[in-house]
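A.B. asks: Everything in the sequence shown is counted per the numbering used here, starting at 343 for the first residue and increasing by one. I have a structure I would like to understand better, so I am pasting it below and will then ask my questions one at a time.
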Amino acid sequence: MNRLVFLLLFTFCWGTITAQKITAEDIQKNENEDPLRPAKAAFYSAVLPGLGQVYNKRYWKLPLVYGGLGASIYAYDINNKNYLRYRKAYKRRISGYTDDEFQGLIASTDRLIDGQDFYKRNRDRSMLFILGFYFLNILDANIDAHLKQYNVNSDLSVRPFIDVAPIDASPVAGMRVALTF
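Now the structure itself:
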């Protein structure tokens with residue numbers, strides 16, 4: 343078992359991972375970045391969901407934004423329609439009518455109330471998901487714009503290594519982080 347773990351770690355850590363080297367042009371370009379870029383991206387996403395992702399040139403996030411919002415809106419619509427169906431049937435039953443759509447299926451008005459509660463609860467949860475995806479869209483655009491301006495220094499490197507344990511001479515794999523000043 344130890345040899346298998348060692349072999350997996352050795353295979354995983356085989357190469358040397360170093361940070362991207364930054365040239366003088368990159369530093370100059372980074373100094374000229376717009377400090378209001380994150381605010382613009384958040385504003386654009388607030389106006390139209392996904393527009394902040396387009397502003398940040400992260401086009402692959404658009405299907406995620408619209409998929410999340412669309413699925414939540416669809417769930418809200420379905421649950422609201424079912425809630426209104428059960429509510430209408432309940433109101434007709436307590437008014438004395440016997441022609442609602444659930445007449446042969448549901449005998450008790452208590453079950454109609456349970457159906458109303460179920461779909462109302464799911465409708466409300468769907469609205470929370472809509473709001474959650476909307477705010478996550480804005481937050482994602484803002485954070486992504488901040489991280490685009492982040493400077494990665496070439497003085498940071500991560501190197502995997504394999505060593506021999508001093509007690510039992512078994513191989514030991516590890517990672518070494520080196521900071522060069």
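Note that the Cβ used here is the ideal one computed from N, Cα and C, for glycine as well.
DSSP state of Pro-377, grouped into three classes?
C.D. replies: Working through the sequence shown from its first residue, we reach residue 377 at position 35. Residue state, collapsed to three classes: coil.
A.B. asks: Mapping the DSSP letters down to three states, classify Gly-457 as helix, strand or coil.
C.D. replies: Along the sequence shown, read from residue 1 onward, the residue named residue 457 stands at position 115. Gly-457: helix per DSSP, three-state reduction.
A.B. asks: When you compare each of Asp-459, Val-407 and Pro-377 to Tyr-428 by their alpha carbons, which one comes out closest?
C.D. replies: As a first step, residue 428 must be located in the sequence shown, where it is residue number 86. When each option's Cα is compared against that of Tyr-428, the closest is Asp-459.
A.B. asks: Between the Cα of Gly-474 and the Cα atoms of Gly-438, Asp-452, Arg-400 and Val-407, which residue gives the shortest distance?
C.D. replies: The count along the sequence shown starts at 1 and reaches residue 474 at position 132. When each option's Cα is compared against that of Gly-474, the closest is Val-407.
A.B. asks: Report the three-state DSSP secondary structure of Ala-515 (helix, strand or coil).
C.D. replies: Counting from 1 along the sequence shown, the entry for residue 515 is found at position 173. Of the three classes helix, strand and coil, the one that applies to Ala-515 here is strand, per DSSP.
A.B. asks: Let me know if Pro-377 comes out buried or exposed under the rule of 16 or more other beta-carbons within 10 Å of its beta-carbon.
C.D. replies: As a first step, residue 377 must be located in the sequence shown, where it is residue number 35. Exposed, because fewer than 16 other Cβ atoms sit within 10 Å of the Cβ of Pro-377.
A.B. asks: So, do the region 441-456 and the region 387-405 have three or more beta carbon pairs nearer to each other than 8 Å?
C.D. replies: The region 441-456, when compared against the region 387-405, does not touch it at the 8 Å Cβ threshold.
A.B. asks: Are the region 450-466 and the region 397-412 touching, with three or more C-beta to C-beta distances below 8 Å?
C.D. replies: At 8 Å Cβ cutoff, the stretches do not touch.
A.B. asks: How long is the line joining the alpha carbons of Phe-471 and Ile-448, rounded to whole angstroms?
C.D. replies: Sequence index remark: in the sequence shown, residue 471 carries index 129 (1-based). Sequence index remark: in the sequence shown, residue 448 carries index 106 (1-based). Near 31 Å, if we compare the C-alpha coordinates of Ile-448 and Phe-471.
A.B. asks: By DSSP, does Asp-441 sit in helix, in strand, or in coil?
C.D. replies: What you label residue 441 is simply residue 99 of the sequence shown in a count that begins at 1. Asp-441: coil per DSSP, three-state reduction.
A.B. asks: Considering Cα atoms alone, identify which of Tyr-492, Asp-486 and Asp-510 is closest to Tyr-401.
C.D. replies: Numbered from its first residue, the sequence shown carries residue 401 at position 59. Nearest C-alpha to Tyr-401: Asp-486.
A.B. asks: Tell me which residue opens and which closes the alpha helix (DSSP H) that Arg-435 is part of.
C.D. replies: Taking the first residue of the sequence shown as position 1, residue 435 is located at position 93. Element bounds for Arg-435: 404-436.
A.B. asks: Expressed to the nearest angstrom, what Euclidean distance is found between the alpha-carbon atoms of Ser-468 and Val-396?
C.D. replies: On the sequence shown, position 126 is the one that residue 468 refers to. On the sequence shown, position 54 is the one that residue 396 refers to. About 26 Å.
A.B. asks: Please state whether DSSP places Asp-510 in a helix, a strand or coil.
C.D. replies: Working through the sequence shown from its first residue, we reach residue 510 at position 168. Note: Asp-510 maps to coil in three-state DSSP.
A.B. asks: Within this structure, are the beta carbons of Asp-381 and Gly-394 separated by less than 8 Å?
C.D. replies: Within the sequence shown, numbered from 1, the residue matching residue 381 stands at position 39. Within the sequence shown, numbered from 1, the residue matching residue 394 stands at position 52. Looking at the sequence shown, residue 381 is not Asp but Ala. It is not a contact, given that the beta carbons lie outside the stated cut-off.
A.B. asks: By DSSP, does Ile-504 sit in helix, in strand, or in coil?
C.D. replies: Taking the sequence shown and counting its residues from 1, one reaches residue 504 at position 162. In this structure, Ile-504 counts as strand in the three-state DSSP scheme.
A.B. asks: If Arg-465 sits next to Tyr-418, beta carbons under 8 Å apart, how far is it from one beta carbon to the other, in whole angstroms?
C.D. replies: Start at 1 with the first residue of the sequence shown, and residue 465 comes out as number 123. Start at 1 with the first residue of the sequence shown, and residue 418 comes out as number 76. That pair is a contact at about 6 Å.
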